[in-house]
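Chemist: Here it is: the structure, laid out below.
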Ligand SMILES: [Zn+2]
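In the working numbering, the protein residues as written are 971 to 1236.
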């Protein structure tokens, strides 16, 4: 099983009426329920991020047809809409929170839509959802100097630890992107594994700090979702992900160039 290919599904918001900022990467509550039914009917076994990584670290065998259900950022719909569906099926999942986006004492006001509060996060944790880190203020981590990079990782870890009484073991890179320096800092902060945004299924050979995920979107129909969790014929989704990643890289490069030009001009 060490060469298993595991679909790690990346969700963001689950909402009936998402706002413009989160719409494309949101799913409707009905679509989410339908997708969890596909997983149940297909005999797939959801596991947490920590459980998958532990199996791959120790060589322990995975359950049959493993799949991961993950949520990024910490939108309120994860509690309101996703939790009842997960509970109905008895499915574990992983939620990666940006601690400075959640409602409550650390709120920096950066959240893109209505976010979870800490009572809701605790309820999710008690219901079997692993709570992982997703930085504090959701920056592009590779663009930060070492001091700010470390503080984003440490603050997130300390706030989750304070609020839940337990340190987060898993991390997801904001924007799905990481550099070697970022991966190293994540490891040194104490996170045992981290997820990227991938264009493919996760494999042990990717290493514990660069496990790939596949994106579930509002436009993902049931047939496409079935192909996605089957790990076959996802060319269309992958091509689009690749295009997005490429587009994003171009934006980043343009920003870097602008910064260099500005700097040179100063
Ligand atoms: Zn995010």
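A virtual CB, placed ideally from N, CA and C, is assigned to each residue, including glycine.
I'd like the span of the beta strand (DSSP E) that includes residue 1042, first residue to last.
Modeler: 1036-1043
Chemist: Give a yes or no on whether the C-beta atoms belonging to residue 984 and residue 1037 are separated by under 8 Å.
Modeler: no
Chemist: Could you check whether residue 1172 and residue 1182 sit closer than 8 Å to each other, using their CB atoms as the reference points?
Modeler: It is a contact, given that the beta carbons lie within the stated cut-off.
Chemist: Is any heavy atom of ligand 1 found at a distance shorter than 7 Å from the C-beta of residue 1138?
Modeler: No - ligand 1 has no heavy atom lying nearer than 7 Å to the Cβ of residue 1138.
Chemist: By DSSP's criteria, residue 1238 is part of a beta bridge. Which residues make up the other side?
Modeler: Outside the displayed span of the chain (971 to 1236) sits residue 1238, for which this structure offers no information.
Chemist: Give me, in chain order, the residues of the same chain whose beta-carbon lies closer than 6 Å to that of residue 991; leave out the 5 immediate sequence neighbours on both sides.
Modeler: 1082
Chemist: Are the CB atoms of residue 1104 and residue 1067 within a distance shorter than 8 Å?
Modeler: Yes, they are a contact pair.
Chemist: Do residue 1051 and residue 988 have their beta-carbon atoms positioned less than 8 Å apart in this structure?
Modeler: no
Chemist: Compare the Cα-Cα distances from residue 1042 to each of 1114, 1094, 980, 1109 and report the closest residue.
Modeler: 980
Chemist: Please identify the residue among 1157, 1111, 1034, 1008 whose C-alpha is closest to the C-alpha of residue 1193.
Modeler: The residue with the shortest Cα to Cα distance from residue 1193 is 1008.
Chemist: Quick one: any contact between the segment 1159-1178 and the segment 1129-1145, if contact means 3 or more CB pairs under 8 Å?
Modeler: By the C-beta criterion, the segment 1159-1178 is judged to be in contact with the segment 1129-1145, since at least 3 inter-stretch pairs fall below 8 Å.
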